[in-house]
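Heads up, the thing below is written out as structure tokens.
There are 2 protein chains.
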Amino acid sequence: MQTLNVDLGARSYPIHIGSGLIADISLIAPHIKGRQVMIVSNTTVAPLYLDQLKTTLGDQYQVAEVILPDGEAYKTLDSVNLIFNALLENRFNRTCTLIALGGGVIGDMTGFAAASYQRGVNFIQIPTTLLSQVDSSVGGKTGVNHPLGKNMIGAFWQPQLVLADTDTLQTLPDRELAAGIAEVIKYGLIRDADFFSWLESNVQPLKQKNSIALSEAIYRSCQNKAEVVTLDELEGGVRATLNLGHTFGHAIETEQGYGQWLHGEAVATGMFMAADLSGREGWLSQGDVARIKALLEKFDLPIAPPESMTAETFIKHMLVDKKVLDGNLRLVLMTAFGKSVVTEQFSAVNLQQTLAAGKKLGFF
Amino acid sequence: MQTLNVDLGARSYPIHIGSGLIADISLIAPHIKGRQVMIVSNTTVAPLYLDQLKTTLGDQYQVAEVILPDGEAYKTLDSVNLIFNALLENRFNRTCTLIALGGGVIGDMTGFAAASYQRGVNFIQIPTTLLSQVDSSVGGKTGVNHPLGKNMIGAFWQPQLVLADTDTLQTLPDRELAAGIAEVIKYGLIRDADFFSWLESNVQPLKQKNSIALSEAIYRSCQNKAEVVTLDELEGGVRATLNLGHTFGHAIETEQGYGQWLHGEAVATGMFMAADLSGREGWLSQGDVARIKALLEKFDLPIAPPESMTAETFIKHMLVDKKVLDGNLRLVLMTAFGKSVVTEQFSAVNLQQTLAAGKKLGFF
Chain A
1 MQTLNVDLGA RSYPIHIGSG LIADISLIAP HIKGRQVMIV SNTTVAPLYL DQLKTTLGDQ
61 YQVAEVILPD GEAYKTLDSV NLIFNALLEN RFNRTCTLIA LGGGVIGDMT GFAAASYQRG
121 VNFIQIPTTL LSQVDSSVGG KTGVNHPLGK NMIGAFWQPQ LVLADTDTLQ TLPDRELAAG
181 IAEVIKYGLI RDADFFSWLE SNVQPLKQKN SIALSEAIYR SCQNKAEVVT LDELEGGVRA
241 TLNLGHTFGH AIETEQGYGQ WLHGEAVATG MFMAADLSGR EGWLSQGDVA RIKALLEKFD
301 LPIAPPESMT AETFIKHMLV DKKVLDGNLR LVLMTAFGKS VVTEQFSAVN LQQTLAAGKK
361 LGFF
Chain B
1 MQTLNVDLGA RSYPIHIGSG LIADISLIAP HIKGRQVMIV SNTTVAPLYL DQLKTTLGDQ
61 YQVAEVILPD GEAYKTLDSV NLIFNALLEN RFNRTCTLIA LGGGVIGDMT GFAAASYQRG
121 VNFIQIPTTL LSQVDSSVGG KTGVNHPLGK NMIGAFWQPQ LVLADTDTLQ TLPDRELAAG
181 IAEVIKYGLI RDADFFSWLE SNVQPLKQKN SIALSEAIYR SCQNKAEVVT LDELEGGVRA
241 TLNLGHTFGH AIETEQGYGQ WLHGEAVATG MFMAADLSGR EGWLSQGDVA RIKALLEKFD
301 LPIAPPESMT AETFIKHMLV DKKVLDGNLR LVLMTAFGKS VVTEQFSAVN LQQTLAAGKK
361 LGFF
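Just so you know, the protein sequences line up as chains A and B, in that order.
Heads up: the first sequence runs through residues 1 to 364, numbered per UniProt numbering.
Heads up: the second sequence runs through residues 1 to 364, numbered per UniProt numbering.
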């Protein structure tokens with residue numbers, strides 16, 4: 001087991017990464033403050049791991065559960081209200097603990113419920129997808145979607161503990177594993193060129209779900225993210241680089257309707273679009289961009305937006321992005337291989353060419 | 001104009017108290033960060049003050065508004081969602097500012113919307129009732145009710161500015177003024193015996209809505225609350241004394257249905273029940289309790305629960321109160337005149353007698 005401590009002063013917490021962690025009460029018990037525990041999971045994950053977690057918790061707590069439907073389409077205020085109902089029907093008080101058992105959607109909703117129930121209660125993350133293990137577990141971002149925009153309602157709320165049990169990845173479909181790898185690659189691109197090289201050398205072990213390779217990928221991703229978050233907890237500056245590829249990616253997800261493309265797939269294409277634009281700006285070489293394309297392709301990730309999406313479609317969706325400040329579009333771009341910045345200093349002509357490139361992305 | 005600075009480090013903010021403040025852009029403009037301003041008000045207050053506020057803001061901002069139905073019955077997640085809808089339909093970004101123009105219900109919902117929209121945006125409170133000027137404007141408590149409990153969903157979120165314009169109290173019905181006075185008296189009871197004496201000497205000017213007397217009452221109430229909140233921002237300890245009378249009061253409101261009794265009326269009776277129990281415990285004299293009764297009566301506040309409420313009804317509602325820790329009932333009680341404490345150290349027999357006293361409260 002590897003452990004990473006996220007240093008946020010009074011709100012610091014550990015991330016444990018490894019095999020067999022859900023079965024280990026000694027890791028969980030120290031972070032449950034009261035006697036009441038509400039497990040929040042979904043219809044896909046609960047049949048796989050809920051009983052195991054309940055067995056680990058034993059009978060020393062008042063344990064209750066909410067099982068929500070699976071999928072981004074259910075990441076809504078209505079679903080969060082189902083958690084509130086369960087908490088109140090079970091008379092849970094403000095020293096209760098919520099445990100999120102599932103992927104990013106469950107983590108985001110459980111975290112927002114924890115932030116808002118009685119103005120804030122404890123919560124523990126047990127992410128069961130690679131995407132949520134490397135991304136949603138660090139940074140305290142919680143929330144739900146609104147019909148008019150993704151992640152528009154939420155709070156910053158830190159967990160007491162994150163348990164990333166790599167055993168849960170053995171049941172994860174290959175396509176979802178690849179989507180998680182997209183976010184792993186992101187850390188290489190925004191700030192860790194060495195990690196990018198390590199990934200180039202470990203494509204096969206990762207695709208074969210080798211536990212040691214996965215643990216290392218999760219640890220280094222969380223470490224990179226934790227460093228960024230520690231520098232900038234409330235997202236004033238450098239933290240926004242974590243959104244590399246997300247502005248383009250959200251536009252794809254919104255246009256396609258959530259659930260057609262996986263989030264990580266949209267981010268993969270979005271990162272490649274950011275690389276293309278960075279290349280047009282002269283910050284990345286043609287060789288740098290080709291290297292990014294090659295790694296994404298080795299993990300079977302998409303590297304071009306849907307053919308139906310025009311430059312105009314992209315612009316329409318990108319203008320409601322959270323990074324738009326008073327009407328000016330800001331993007332995360334790469335200023336060199338393994339370095340990134342949030343900027344509105346790019347050529348509108350270059351952006352237009354990137355948005356219109358389609359399958360010709362990466363050739364400029 | 002009097003100004004009180006609430007000292008919360010990076011989240012400090014001023015409270016301006018006085019006449020004609022809504023018309024003064026120089027007080028408001030420094031606290032609006034971006035260019036987008038959403039005013040949230042209700043159908044009672046908007047016709048009185050919305051145009052005035054919009055005139056003050058002028059045409060330098062993108063101003064939009066949401067007018068919600070008036071009343072505690074509408075303090076729901078659904079109403080907050082109407083604010084989210086308006087923000088997204090108007091493409092408001094994360095540098096927008098929300099202004100709450102109304103009483104405590106509007107302030108609580110606007111604050112929660114501000115805490116949750118894009119994980120947190122700026123907000124300004126312009127409370128238009130005495131209750132909200134002395135109470136809701138300080139402390140950062142925001143939120144909504146749930147069918148199973150009052151204020152069960154919310155966040156701690158500080159405003160950038162509070163404007164308590166005493167002119168708005170001239171249109172306030174007498175009964176609502178009295179309900180606000182109940183919270184004013186509370187500060188005397190929990191920590192400021194001198195202020196209680198000042199109130200005893202100023203009953204007539206306050207009932208006649210004398211601006212100078214009202215300003216002083218608001219200032220000293222906010223000062224007391226701000227001192228408590230500064231000591232204990234996240235409500236671990238002493239802050240809970242601000243809930244004097246609220247556990248009993250919430251039980252009355254819940255049993256009667258929100259809206260039958262005004263919140264301040266329920267708190268008045270609740271404070272007198274706390275005084276009665278404190279007397280039975282031997283912490284207040286018969287004379288102290290009589291003095292509390294006399295002041296409440298001079299302001300035409302109720303000093304006995306509804307006849308239909310039995311001790312059993314009280315207990316049922318009190319057990320879902322936020323101050324219940326793992327099943328033990330904690331109450332705010334007075335240990336001496338002008339001093340209070342949160343405690344579970346009281347006699348169950350005495351509590352039973354207080355709950356069953358009805359119109360005989362205050363005689364023990």
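Beta carbons are placed, not taken as given, at the ideal position from N, Cα and C, and that holds for glycine.
None of these values were measured; they are calculated from a predicted model.
Report task. Determine the closest residue to V63 of chain A out of A:L82, A:I32, A:K209, with distance taken between C-alpha atoms. Result -> Position 63 of the first sequence, counted from the first residue, corresponds to residue 63 of chain A. The residue with the shortest Cα to Cα distance from V63 of chain A is A:I32.
Query raised in the report: CB-CB under 7 angstroms to S132 of chain B, same chain, minus the five flanking residues each way: which ones, in chain order?
Result: Counting from 1 along the second sequence, the entry for residue 132 of chain B is found at position 132. Taking C-beta separations shorter than 7 angstroms and ignoring five residues to either side along the sequence, the partners of S132 of chain B in its chain run G103, G104, G107, following chain order.
**Report entry** Span of the beta strand (DSSP E) around E253 of chain B
**Finding:** Within the second sequence, numbered from 1, the residue matching residue 253 of chain B stands at position 253. E253 of chain B -> not in any beta strand (DSSP E); alpha helix (DSSP H) instead, spanning 246-256.
Query raised in the report: Taking a cut of 7 angstroms between CB atoms, which residues from the stretch 71-83 of chain B lie near chain A?
Result: Listed by position along the chain: L77, N81.
Report task. Excluding the 5 residues preceding and the 5 following Q2 of chain B in the sequence, name in chain order all residues of the same chain whose CB lies nearer than 7 angstroms to its CB. Result -> By 1-based counting over the second sequence, the position of residue 2 of chain B is 2. Around Q2 of chain B: I17, G18, S215, Y219.
Query - CA nearest to the CA of V66 of chain B, picked from B:Q60, B:Q52, B:S308, B:N42 - result: Here residue 66 of chain B refers to the residue found at position 66 when the second sequence is read from its first residue. For V66 of chain B, the closest of B:Q60, B:Q52, B:S308, B:N42 by C-alpha to C-alpha distance is B:N42.
Query raised in the report: Any idea what DSSP makes of I99 of chain B, helix, strand or coil?
Result: Residue mapping note: residue 99 of chain B aligns to position 99 of the second sequence, counting from 1. I99 of chain B falls in the strand class under three-state DSSP.
Query raised in the report: Do you know offhand how far L21 of chain A's Cα is from Q52 of chain A's?
Result: Counting from one through the first sequence, the residue named residue 21 of chain A turns up at place 21. Counting from one through the first sequence, the residue named residue 52 of chain A turns up at place 52. Taking the straight line joining both Cα atoms gives about 11 angstroms.
Query raised in the report: When burial is assigned at 16 or more other CB atoms within 10 Å of the CB, is T253 of chain B buried or exposed?
Result: Position 253 of the second sequence, counted from the start, is the residue given in the question as residue 253 of chain B. Here the sequence assigns Glu to residue 253 of chain B, which means Thr is not the residue at that position. Burial call: buried.
Query raised in the report: Excluding five sequence neighbours on each side, which residues of the same chain lie with their C-beta closer than 7 angstroms to the C-beta of H146 of chain B?
Result: Mapped onto the second sequence, residue 146 of chain B falls at position 146. Once the five neighbours on either side are set aside, the close Cβ partners of H146 of chain B are M152, I153.
Report task. Answer with yes or no whether the minimum CB distance from E89 of chain A to chain B is below 8 angstroms. Result -> Residue mapping note: residue 89 of chain A aligns to position 89 of the first sequence, counting from 1. Yes, E89 of chain A lies at the interface with chain B (some Cβ there is under 8 angstroms from its Cβ).
Query raised in the report: Thinking C-beta only, is M334 of chain A closer than 8 angstroms to S278 of chain A?
Result: On the first sequence, position 278 is the one that residue 278 of chain A refers to. On the first sequence, position 334 is the one that residue 334 of chain A refers to. The Cβ atoms of S278 of chain A and M334 of chain A lie closer than 8 angstroms to each other.
Query raised in the report: Between K225 of chain B and chain A, is there a C-beta pair that is closer than 8 angstroms?
Result: Residue 225 of chain B sits at position 225 when you count from the first residue of the second sequence. Between K225 of chain B and chain A, the shortest Cβ-Cβ separation is not below 8 angstroms.
Query raised in the report: How about L214 of chain B: is its C-beta nearer than 8 angstroms to some C-beta of chain A?
Result: Here residue 214 of chain B corresponds to residue number 214 of the second sequence, with the count starting at 1. So, not an interface residue.
Query - Environment of K186 of chain A [buried if 16+ CB atoms lie within 10 Å] - result: In the first sequence, counting from the first residue as 1, residue 186 of chain A sits at position 186. Classification for K186 of chain A: buried.
Report task. Using alpha carbons as the reference points, say which of B:N5, B:L82, B:I181 lies closest to K209 of chain B. Result -> The sequence position of residue 209 of chain B within the second sequence is 209, counting from 1. Comparing Cα-Cα distances from K209 of chain B to each of B:N5, B:L82, B:I181, the minimum goes to B:I181.
Query raised in the report: How would you list, in chain order, the residues of chain A whose beta-carbon sits under 7 angstroms from the beta-carbon of M38 of chain B?
Result: Along the second sequence, one-based indexing puts residue 38 of chain B at 38. In chain order: nothing, as chain A lies at least about 14 angstroms away.
Query - Residues bridged to Q62 of chain B [DSSP beta-bridge criterion] - result: Position 62 of the second sequence, counted from the start, is the residue given in the question as residue 62 of chain B. Answer is B:Q36.
Requested in this report: Could you tell me whether the Cβ of K316 of chain A comes closer than 8 angstroms to any Cβ of chain B?
Outcome: Here the question's residue 316 of chain A lines up with position 316 in the first sequence. Answer no: the Cβ-Cβ gap between K316 of chain A and chain B never drops below 8 angstroms.
Query raised in the report: Less than 8 angstroms separating the beta-carbons of A113 of chain A and I83 of chain A?
Result: Counted from its first residue, the first sequence places residue 113 of chain A at position 113. Counted from its first residue, the first sequence places residue 83 of chain A at position 83. Here A113 of chain A is near I83 of chain A, since their CB atoms are less than 8 angstroms apart.
Report task. Counting only the same chain and skipping the five closest in sequence on each side, list residues whose C-beta sits under 7 angstroms from that of A304 of chain A. Result -> As a working note, residue 304 of chain A is residue 304 in the first sequence. Excluding residues within five positions, the ones whose Cβ falls inside 7 angstroms are T269, G358, K359, L361.
Query raised in the report: Can you find a CB in chain A that lies within less than 8 angstroms of the CB of I153 of chain B?
Result: In the second sequence, the residue the question calls residue 153 of chain B occupies position 153. It does; some Cβ of chain A falls within 8 angstroms.
Query raised in the report: Taking Cβ positions, are L68 of chain A and I124 of chain A nearer each other than 8 angstroms?
Result: For the purposes of this step, residue 68 of chain A is taken as residue 68 along the first sequence, with counting starting at 1. For the purposes of this step, residue 124 of chain A is taken as residue 124 along the first sequence, with counting starting at 1. At the C-beta level, L68 of chain A and I124 of chain A stay beyond 8 angstroms of one another.
Requested in this report: Would you list, in chain order, the members of the stretch 22-53 of chain B that have their beta-carbon closer than 7 angstroms to a beta-carbon of chain A?
Outcome: So the list reads G34, R35, given in the order they occur along the chain.
Report task. Check the Cβ of A115 of chain A against every Cβ in chain B and list those closer than 8 angstroms, keeping chain order. Result -> Counting from 1 along the first sequence, the entry for residue 115 of chain A is found at position 115. Residues of chain B passing the Cβ test: A155.
Query raised in the report: Using a Cβ cut-off of 8 angstroms, which residues of the stretch 195-221 of chain A contact any Cβ in chain B, in chain order?
Result: Along the stretch 195-221 of chain A, there is no position whose C-beta sits under 8 angstroms from a C-beta of chain B.
Query raised in the report: Hey, out of B:Q256, B:L331, B:L301, whose CA is closest to S308 of chain B's CA?
Result: For the purposes of this step, residue 308 of chain B is taken as the residue at position 308 of the second sequence. For S308 of chain B, the closest of B:Q256, B:L331, B:L301 by C-alpha to C-alpha distance is B:Q256.
Query raised in the report: Along the chain, where does the alpha helix (DSSP H) that runs through D78 of chain B open and close?
Result: In the second sequence, residue 78 of chain B corresponds to position 78, counting from 1. Start and end: 77-89.
Requested in this report: Would you mind giving the Cβ-Cβ distance between L130 of chain A and L163 of chain A, rounded to the nearest angstrom? I have them listed as a contact below 8 angstroms.
Outcome: Locating residue 130 of chain A in the first sequence gives position 130, counting from the first residue. Locating residue 163 of chain A in the first sequence gives position 163, counting from the first residue. Incorrect: roughly 14 angstroms between the Cβ atoms, too far for contact.
Query raised in the report: Any idea which residues DSSP pairs Y117 of chain B with across the strands?
Result: As a position in the second sequence, residue 117 of chain B is number 117, starting the count at 1. Looking at the DSSP output, Y117 of chain B sits in a beta bridge with A:I153.
Query raised in the report: Is V181 of chain A helix, strand or coil when you go by DSSP?
Result: Here the question's residue 181 of chain A lines up with position 181 in the first sequence. Per the sequence shown, residue 181 of chain A should be read as Ile rather than Val. It is helical.
Report task. State the Cα-Cα distance for the pair R91 of chain A and V121 of chain A, rounded to the nearest angstrom. Result -> Stepping through the first sequence from its first residue, residue 91 of chain A is reached at position 91. Stepping through the first sequence from its first residue, residue 121 of chain A is reached at position 121. Taking the straight line joining both Cα atoms gives about 14 angstroms.
Query raised in the report: First and last residue of the alpha helix (DSSP H) that includes H263 of chain B?
Result: Mapped onto the second sequence, residue 263 of chain B falls at position 263. Start and end: 263-280.
Requested in this report: Leaving aside the five residues before and after D300 of chain B along the sequence, list all residues of the same chain whose C-beta is less than 7 angstroms from its C-beta, in chain order.
Outcome: Locating residue 300 of chain B in the second sequence gives position 300, counting from the first residue. Only A178 meet the Cβ criterion.
Report task. Could you give the DSSP three-state label for F337 of chain B: helix, strand or coil? Result -> As a position in the second sequence, residue 337 of chain B is number 337, starting the count at 1. In the three-state reduction of the DSSP assignment, F337 of chain B falls in the coil class.
Requested in this report: Please determine if the stretch 68-79 of chain A and the stretch 192-204 of chain A are in contact, where contact requires at least 3 C-beta pairs separated by less than 8 angstroms.
Outcome: The stretch 68-79 of chain A vs the stretch 192-204 of chain A: no contact.
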